[in-house]
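Report on the structure given below.
Here's what the structure looks like:
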């Protein structure tokens, strides 16, 4: 009895205990200490595509700094990291040996000459679990690797989206400033024309044209302000920052044209972690198919039985039980897992095809944006020279102020085209980096 008691104590001592963990009423992402420690945490981030660097939230943030903050603070990434721990636990569980089973039965003789209790006991072991243990562990490892690769892809995409929103904010800020200047000039011109029309110096159609110009300028400004506010809000969300958190952004240099589509597609095949995750998922499915095939063979359980009958006879001996593979033979499961494997292969092929198509589309859009910018820049010096000349002439009284303002508005319109083209170039360039899974610095020149 002492031995059994000691074994029971040891077994219970290794058992897990329950401890409740309620939800937080104030998530860490909304707490002040989180914001205060963000610079230090972001400076410690290191990824294959993101070397460590100093992050100072009080200074204009570079694209690399934005990427580091997104990796550290994005709440969706944090949740995905926690979910990845589930797969690690499943790898641990798959490596554990099956526990033996023990059964005990007691029968009392109700009538008859024998007076002893009839006692039976059995100690069993599931050999089928041992047979599939290795393949189950391979499956769990492959699934855990797939989750880790999906997490790496999510980090890459989140960092890229933060950079994309930052590029929008930078250019939309420029567009908003130009639109605000155009509105102020249109308002000033309308005021002068209204006064002149009141004196009868000009016709009413010019007054109506000035009103329409102000209305158009106002709508352009409101559209720019709305787009800017949406981009700023999305940027803070990607960075895991509170809505009221102020951000300063550094303007990066305009990127050069990218390599050909075939080169970028080769980079994507090699470096995209979502494709690597699909390959890991396919490896896990291969293990599942093999496990299903192993399970078509008879399941085997072995037990060691012991008994004392009511006459006092002591009995001992082994017993074996197994299934007879006559009709089922696990054929349904095998068919399902093989079909799932074929579906994963088709999904991988489709992802490759979509990747190449997306890269080609992004390159085409980038080429159009470069041409649009070049066309706008080509006319910009002449427009600027003309606007300055008309302003000087208006100052001398040789031309009307309205003529000078119209010339300056033409210059601002062309500058808007340049800003929009540069925003498209920045966005499409970041999109190409995301599609290839490779930072631009690692592209072949």
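In the numbering used here, the protein residues as written are 3 to 447. Idealized CB from N, CA, C, for every residue including glycine. This one's a predicted model, so the numbers in the text were calculated from it and none came from an experiment.
Spatial neighbours of residue 314 within its chain, please: C-beta separation below 6 Å, excluding the five flanking residues on both sides. Against the chain shown, residue 314 aligns to sequence position 312. Around residue 314: 118.
Figure out for me which residue from 394, 415 and 251 has the closest Cα to the Cα of residue 406. Position 404 of the chain shown, counting from 1, holds the residue named residue 406. Cα-wise, what sits closest to residue 406 is 394.
Give the single residue among 59, 305 and 427 whose Cα lies nearest to the Cα of residue 258. Residue 258 sits at position 256 when you count from the first residue of the chain shown. Taking the Cα of residue 258 as reference, the smallest distance to any Cα among 59, 305 and 427 is reached at 427.
Identify, in the order they occur along the chain, each residue of the same chain with its Cβ nearer than 8 Å to the Cβ of residue 496, setting aside the five sequence neighbours on each side. No statement about residue 496 is possible, as the shown extent of the chain runs from 3 to 447 and does not include it.
If you run the structure through DSSP and keep just helix, strand and coil, what is residue 137? As a working mapping, residue 137 is identified with position 135 in the chain shown. In this structure, DSSP gives residue 137 a helical state, which the three-state scheme calls helix.
Taking DSSP as the reference, what is the three-state secondary structure of residue 108? For this step, residue 108 is matched to residue 106 along the chain shown. When DSSP states are grouped into helix, strand and coil, residue 108 belongs to the strand group.
Does the stretch 215-222 come within contact of the stretch 260-268, defined as at least 3 CB pairs closer than 8 Å? A contact is defined here as three or more CB-CB pairs under 8 Å, and the stretch 215-222 fails this definition with respect to the stretch 260-268.
What residue range does the beta strand (DSSP E) around residue 117 cover? Within the chain shown, numbered from 1, the residue matching residue 117 stands at position 115. Per DSSP, residue 117 belongs to no beta strand (DSSP E) and is neither H nor E.
Mark residue 110 as exposed unless 16 or more other C-beta atoms lie within 10 angstroms of its C-beta, in which case mark it buried. As a first step, residue 110 must be located in the chain shown, where it is residue number 108. When all chains shown are included, residue 110 counts as exposed.
For residue 286, which residues in the same chain have their Cβ closer than 7 Å to its Cβ, ignoring the five residues on either side in sequence? Indexing the chain shown from 1 puts residue 286 at position 284. A distance below 7 Å between beta-carbons, with the five flanking residues on each side excluded, links residue 286 to the following residues of its chain, in chain order: 141, 144, 145 and 148.
Tell me, to the nearest whole angstrom, how far the beta carbon of residue 270 is from that of residue 357; I am working on the premise that it is less than 8 Å. Your numbering for residue 270 matches position 268 in the chain shown. Your numbering for residue 357 matches position 355 in the chain shown. Residue 270 to residue 357, Cβ: 5 Å. Contact.
To the nearest angstrom, how far is the alpha carbon of residue 251 from that of residue 231? Along the chain shown, read from residue 1 onward, the residue named residue 251 stands at position 249. Along the chain shown, read from residue 1 onward, the residue named residue 231 stands at position 229. Distance between the alpha carbons of residue 251 and residue 231 is about 15 Å.
Separation of residue 347 from residue 156, as counted between CA atoms: Here residue 156 refers to the residue found at position 154 of the chain shown. Here residue 347 refers to the residue found at position 345 of the chain shown. If you take the alpha carbons of residue 156 and residue 347, they lie about 22 Å apart.
Who pairs with residue 49 in a beta bridge, going by DSSP? As a working mapping, residue 49 is identified with position 47 in the chain shown. Beta-bridge pairing links residue 49 to 52.
If you draw a straight line from the alpha carbon of residue 408 to that of residue 376, how long is it in whole angstroms? Along the chain shown, read from residue 1 onward, the residue named residue 408 stands at position 406. Along the chain shown, read from residue 1 onward, the residue named residue 376 stands at position 374. If you take the alpha carbons of residue 408 and residue 376, they lie about 23 Å apart.
Please give me, in chain order, every unbroken run of the alpha helix (DSSP H) with length at least 4 that falls completely inside the stretch 390-446. Listed in chain order, they are 403-438.
Under the three-state reduction of DSSP, which class applies to residue 99: helix, strand or coil? As a working note, residue 99 is residue 97 in the chain shown. Under the three-state reduction of DSSP output, residue 99 falls in the coil class, being neither helix nor strand.
Here's the rule I'm using: 16 or more other beta-carbon atoms within 10 Å means buried, otherwise exposed. How should residue 276 be labelled? The residue you call residue 276 lines up with position 274 of the chain shown. Looking at its Cβ environment, which holds 16 or more other Cβ atoms inside 10 Å, residue 276 is buried.
Identity of the residues DSSP links to residue 305 by a beta bridge: Translated into positions along the chain shown, residue 305 becomes position 303. Residue pairing for residue 305: DSSP places it in a beta bridge opposite 126 and 321.
So what does DSSP say about residue 266, is it helix, strand or coil? By 1-based counting over the chain shown, the position of residue 266 is 264. DSSP, reduced to helix, strand and coil, places residue 266 within a helical segment of the structure shown.
Between which residues of its own chain and residue 32 is the CB-CB distance below 8 Å, once the five residues before and five after are set aside? The residue labelled residue 32 in the question sits at position 30 within the chain shown. Its pLDDT being 46, under 50, residue 32 is placed unreliably in this model, and the value from its coordinates should be taken loosely. Cβ within range, chain order: 244.
CB-CB under 6 Å to residue 152, same chain, minus the five flanking residues each way: which ones, in chain order? Here the question's residue 152 lines up with position 150 in the chain shown. Closer than 6 Å at the Cβ level, and outside the excluded window around residue 152, lie 279.
Rounded to the nearest angstrom, what separates residue 96 and residue 135 at their Cα positions? Indexing the chain shown from 1 puts residue 96 at position 94. Indexing the chain shown from 1 puts residue 135 at position 133. Taken atom to atom, the span from the alpha-carbon of residue 96 to that of residue 135 is near 7 Å.
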